[in-house]
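Chains as they are written, first to last, in the working numbering: chain A, 62 to 408; chain B, 62 to 408.
For glycine and all other residues, C-beta sits at the position ideal for the given N, C-alpha and C.
A short write-up of the structure that comes next.
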DNA sequence: CCCTATAAATGGAACGTTCCAATAAATCAA
DNA sequence: TTGATTTATTGGAACGTTCCATTTATAGGG
């Protein structure tokens with residue numbers, strides 16, 4: 062049932078009565094061939110069910126047309142949105158992104174990166190897995206393949222990163238909670254081995270500092286960056302002697318978890334406890350109550366990352382500027398009305 | 062900054078003072094080479110920062126080690142779970158799955174499939190986009206590349222499909238609703254151009270038939286298979302003169318939408334209106350109220366699909382049996398207590 | 001009518017691997 | 001010692017493309 066030996070450019074040449082070089086030219090859409098010849102060749106291609114062998118082509122050509130996208134957690138819809146943004150710009154450039162999942166596992170990540178390199182990708186967009194070793198990208202850089210980090214970065218790396226302004230986002234959100242009249246604040250979820258965590262927590266702390274929330278009234282609970290993690294964080298925080306009345310969550314998944322835990326306790330997110338998320342995933346808007354969250358323009362960051370990559374490939378460089386994306390606080394229902402009457406809202 | 066010409070097997074040979082053939086043998090882990098030689102070669106490989114060129118290798122070798130996974134909607138966490146299951150088995154077989162998203166767009170799907178073929182994938186696991194034309198896989202089959210459909214199938218295709226027992230799942234769920242005492246039932250979401258839809262709706266209708274729900278008391282509302290779609294379905298259904306009191310939803314996303322719409326109307330899912338989902342995504346358990354749903358063992362189906370693919374590759378065939386995965390109803394809170402007192406639950 | 005310029009098509013070498021057949025070195029039986 | 005056997009290693013052809021340098025055909029200018 063399987064067809065005989067795969068058809069090659071030579072088979073087409075024979076079929077169309079031209080030389081292999083001519084076929085190659087047609088394949089590349091060269092203007093040198095006579096239109097009628099091109100038509101003839103294209104028909105032959107169709108007839109024999111030819112499939113182009115990009116591996117063979119890349120043997121001679123400089124660059125391939127595939128870039129690899131290595132994601133630490135595909136089950137987070139956030140990354141799917143990021144991928145969508147990238148695909149838009151790559152598609153226009155005739156480039157196909159291949160996605161691979163590392164499931165937050167550095168070993169798996171190593172394998173995946175190796176495989177993509179062997180496949181001859183023109184570039185790599187990576188959201189590094191937690192615990193990625195500093196040297197993990199040394200060989201790739203040495204090979205001259207451009208790498209861009211998306212959303213996450215490595216502490217001491219020279220690799221350009223595209224990420225939202227985490228610090229500012231956290232500051233804005235915290236400011237909002239304080240403006241709502243809250244005085245005992247929590248930061249929920251995430252763990253300190255992530256640069257992103259440092260940035261977001263940093264923004265939270267700076268806002269507390271600037272707006273007069275004493276250290277004693279700040280509750281910081283690390284935890285998994287998932288619904289489950291969020292639920293755990295809330296339980297931990299409410300068990301303290303002076304529990305917080307509001308929380309900035311590491312991301313939306315944590316925030317959803319917090320809201321679930323509240324409901325289980327018959328508390329209402331918004332009126333009884335204020336919750337702010339981070340990332341503003343599509344779901345935030347449709348939750349009940351709708352989640353106030355820091356919007357990071359995920360798809361936009363994806364586009365940006367793709368553009369940077371394209372530029373790097375073109376200019377054959379392995380260096381580029383970092384890019385910090387603008388953020389904005391999207392106020393919805395999860396922080397309720399103002400606690401004291403002192404302030405209007407700060408949208 | 063970018064390194065000089067990429068190192069090849071010949072550079073390593075020179076460095077290690079052996080022939081290229083020896084290097085090749087080492088690369089393939091052949092037992093023919095003397096251990097000390099192997100060590101010497103591996104050191105050279107490390108020293109020059111060599112990266113294996115799989116494209117060149119595939120020129121001579123029969124099969125590549127990558128399989129393509131083409132997904133219609135990466136933003137649905139369901140597919141991420143499917144991917145996770147596959148990755149487990151592929152990883153053990155030394156195969157790397159590359160994922161591409163078609164965003165439910167047949168044109169994009171065509172491009173993606175073409176690109177994967179050109180890349181020389183050993184096989185393709187596909188969840189076809191809505192509106193895929195019957196002939197879309199003709200060329201791929203002709204090229205002898207094995208294809209497996211996951212979750213979705215095409216109406217008249219000979220391509221093996223791995224899917225849950227949609228009919229039975231829908232039947233079970235409907236039976237459950239009826240056992241709970243509901244008599245006016247709805248089927249929400251999906252559209253009739255999907256085979257899956259036919260199957261699920263079929264199970265629903267058969268249960269209605271068998272358990273004595275007259276046609277007049279069945280409400281069928283097609284809609285987008287998303288939260289938004291679910292919200293719309295509920296609104297439509299409640300606007301009828303004799304609105305249903307319970308709904309089986311095409312999938313969990315639709316069910317979540319329905320529950321949201323209920324809350325907006327100050328109705329309680331469970332007590333005021335019963336909701337059953339389909340797929341049992343991770344989120345179903347954590348929702349409030351927790352969603353009763355038909356569990357399809359997503360990761361298990363992924364594993365199965367991967368196994369079938371592996372078998373097909375090994376036996377160089379393009380044919381295999383369909384596989385229908387077992388389903389089970391997971392009863393949680395979204396259908397509330399029994400409506401009438403006549404029956405216990407049917408877990 | 002010849003020479004040159006342009007357009008279209010072509011053959012051959014090269015790309016980095018694998019694999020076969022062949023060689024070289026080491027071991028063994030007699 | 002010699003031939004046969006086993007163990008390690010090797011050169012060369014092949015894989016399917018691209019690209020350069022040619023060749024061939026077509027047209028234009030004087």
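State yes or no: is the C-beta of residue i nearer than 7 Å to some heavy atom of the ligand MN?
i: residue 329 (chain A); result: Ligands in the displayed structure: none, and consequently the ligand MN is not present.
State the Cα-Cα distance for the pair residue i and residue j, rounded to the nearest angstrom.
i: residue 165 (chain B); j: residue 190 (chain B); result: 4 Å
i: residue 263 (chain B); j: residue 248 (chain B); result: 10 Å
i: residue 286 (chain A); j: residue 106 (chain B); result: 39 Å
i: residue 223 (chain B); j: residue 323 (chain B); result: 34 Å
i: residue 261 (chain B); j: residue 179 (chain B); result: 36 Å
i: residue 382 (chain B); j: residue 221 (chain B); result: 6 Å
i: residue 226 (chain B); j: residue 389 (chain A); result: 45 Å
i: residue 387 (chain B); j: residue 352 (chain A); result: 37 Å
i: residue 254 (chain A); j: residue 194 (chain A); result: 12 Å
i: residue 154 (chain A); j: residue 184 (chain A); result: 14 Å
i: residue 321 (chain A); j: residue 116 (chain B); result: 50 Å
i: residue 161 (chain A); j: residue 159 (chain B); result: 6 Å
i: residue 335 (chain B); j: residue 242 (chain B); result: 10 Å
i: residue 379 (chain B); j: residue 371 (chain B); result: 11 Å
i: residue 393 (chain B); j: residue 297 (chain B); result: 26 Å
i: residue 407 (chain A); j: residue 331 (chain A); result: Because residue 407 (chain A) carries a pLDDT of 37, less than 50, the predicted location of this residue cannot be relied on, and the following value inherits that uncertainty. Roughly 16 Å separates the two Cα atoms.
i: residue 209 (chain A); j: residue 124 (chain B); result: 31 Å
i: residue 134 (chain B); j: residue 163 (chain B); result: 7 Å
i: residue 188 (chain A); j: residue 327 (chain A); result: 38 Å
i: residue 173 (chain B); j: residue 276 (chain A); result: 53 Å
Within the same chain, show all residues whose beta-carbon is closer than 6 Å to that of residue i, passing over the 5 residues directly before and after it, in chain order.
i: residue 102 (chain A); result: 77, 84 and 87
i: residue 231 (chain A); result: 261, 264 and 265
i: residue 341 (chain B); result: 354, 356 and 391
i: residue 197 (chain B); result: none
i: residue 74 (chain B); result: 80, 81 and 84
i: residue 294 (chain B); result: 249, 250, 282 and 284
i: residue 329 (chain A); result: none
i: residue 369 (chain A); result: 209 and 381
According to DSSP, is residue i part of a helix, a strand, or is it coil?
i: residue 210 (chain B); result: strand
i: residue 78 (chain A); result: coil
i: residue 120 (chain B); result: helix
i: residue 310 (chain A); result: strand
i: residue 274 (chain A); result: coil
i: residue 228 (chain A); result: helix
i: residue 176 (chain A); result: helix
i: residue 328 (chain A); result: coil
i: residue 200 (chain A); result: helix
i: residue 389 (chain B); result: strand
i: residue 279 (chain B); result: strand
i: residue 356 (chain A); result: strand
i: residue 132 (chain B); result: strand
i: residue 156 (chain A); result: coil
i: residue 336 (chain B); result: strand
i: residue 164 (chain A); result: coil
i: residue 403 (chain B); result: Note on residue 403 (chain B): pLDDT 37, under 50, position unreliable in the model; the coordinate value appears next. Reduced to three states, the DSSP call for residue 403 (chain B) is coil.
i: residue 246 (chain A); result: strand
i: residue 94 (chain B); result: coil
Show which residues of chain A have a CB atom less than 8 Å away from the CB atom of residue i.
i: residue 302 (chain B); result: By Cβ distance, chain A contributes nothing, its closest Cβ being about 28 Å from residue 302 (chain B), past 8 Å.
i: residue 179 (chain B); result: 112, 113, 114 and 115
i: residue 162 (chain B); result: 141, 144, 145, 148 and 160
Note down, in chain order, every chain B residue with its Cβ under 7 Å from the Cβ of residue i.
i: residue 120 (chain A); result: 116 and 117
i: residue 138 (chain A); result: 136 and 138
Whose C-beta lies closer than 8 Å to the C-beta of residue i among residues of the same chain, with five residues either side of it excluded?
i: residue 385 (chain B); result: 224, 225 and 226
i: residue 358 (chain A); result: 225, 386, 387 and 388
i: residue 64 (chain B); result: Note that residue 64 (chain B) has pLDDT 47, beneath the 50 cutoff, so the model's placement of it is unreliable and the number below is only indicative. Cβ neighbours of residue 64 (chain B) beyond the five flanking positions: 110.
What residues of chain A sit near residue i, judged by a beta carbon separation below 7 Å?
i: residue 124 (chain B); result: What residue 124 (chain B) touches in chain A: nothing, since even the nearest Cβ is about 12 Å away.
i: residue 237 (chain B); result: None at all; the shortest Cβ gap to chain A is about 24 Å.
Identify the contact partners of residue i in chain B, using a Cβ-Cβ distance below 8 Å as the criterion.
i: residue 187 (chain A); result: Correct list: empty, because the minimum Cβ distance to chain B is about 15 Å.
i: residue 330 (chain A); result: Within 8 Å Cβ-Cβ: nothing; residue 330 (chain A) doesn't reach chain B, min ~11 Å.
If I measure Cβ to Cβ from residue i and keep anything under 7 Å in the same chain, skipping five residues before and after, which residues do I get?
i: residue 397 (chain A); result: 331, 332 and 335
i: residue 310 (chain B); result: 249, 250, 291, 316, 319, 336, 337, 338 and 339
Residues of chain A with a CB under 9 Å from the CB of residue i: which are they?
i: residue 93 (chain B); result: Ordered by position in chain A, no residue passes the 9 Å Cβ test against residue 93 (chain B), which lies about 23 Å from the chain.
List, in chain order, every chain B residue whose beta-carbon is nearer than 9 Å to that of residue i.
i: residue 347 (chain A); result: 288, 289, 292, 317, 318 and 321
* To do: Flag this pair as touching only if the segment 265 to 272 of chain B and the segment 298 to 308 of chain B have three or more C-beta atom pairs under 8 Å; answer yes or no.
  => no
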